Each structure stands twice: as structure tokens, then as C-alpha cells.
Amino acid sequence: MSNSIMYQEDAYVVLEPNQPEQILSAAELLEKLQGVLASRQTDLPLDLHRYDDLSQQAQYLMETACEFDVGPGLYLQWFVVRLEK
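Numbered per my numbering, the sequence shown spans residues 1 to 85.
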């Protein structure tokens, strides 16, 4: 049986080119992804086309991916981290 701690999400490490790493909460990451997706609505990956709502797109992306291409040579990566010892 798997340990339930494997599915706990305390925070996310977010990486962007030429930026220091950031530690964001799930809500902050969703907000960041919504901002990125808002400017890319005409050029979305096919799996995001099934969602009309920006918040649903961001939620799906956060749960099923860990990287998003935001332009030539630019990316956004995120990884779940646990903050307790």
C-alpha cells in the first residue's frame, strides 16, 4: 500500500530562465499559470483545448505536467516539495 504522504503538496519550487527559484503555494502557482495561459489562449497545447475556463486549464496543467513552454527558449517548470523534516 502506498504512503499517503506521497500525495501531500506543501509547496512548489518554480524555475524560470534568468530568475532565482521561487517557492510558491498551490494557490500562487495556479495564479502564475493562469497569467501565463491568459497570454497564450490562441496557441494552447491540444490537451488544454477541452477546457474553456482559464482556472480549469491552469489546474489541469498544474496536476498533469511540470513544465510549460512559454516561448522560444523560455519555459516555466514546477516541482512539488515538502517543507517539513
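For each residue, glycine too, the CB sits at the ideal point set by N, CA and C.
Note that the structure is a prediction, hence the values are computed from the model and not measured.
Within 10 angstroms of its Cβ, does A27 collect 16 or more other Cβ (buried), or is it exposed?
-> exposed
Over what stretch of residues does the alpha helix (DSSP H) that includes A27 continue unbroken?
-> A26 to A38
Per DSSP, what kind of secondary structure is Y51 in: helix, strand or coil?
-> In the structure shown, Y51 adopts coil according to DSSP, grouped into three states.
What do you reckon, is the C-beta of C66 under 7 Å from a heavy atom of the ligand MN?
-> The ligand MN is absent from the structure shown, which contains no ligand whatsoever.
Report back the beta-carbon spacing between V13 and V81 to the nearest angstrom; my notes put them in contact at under 8 Å.
-> 5 Å
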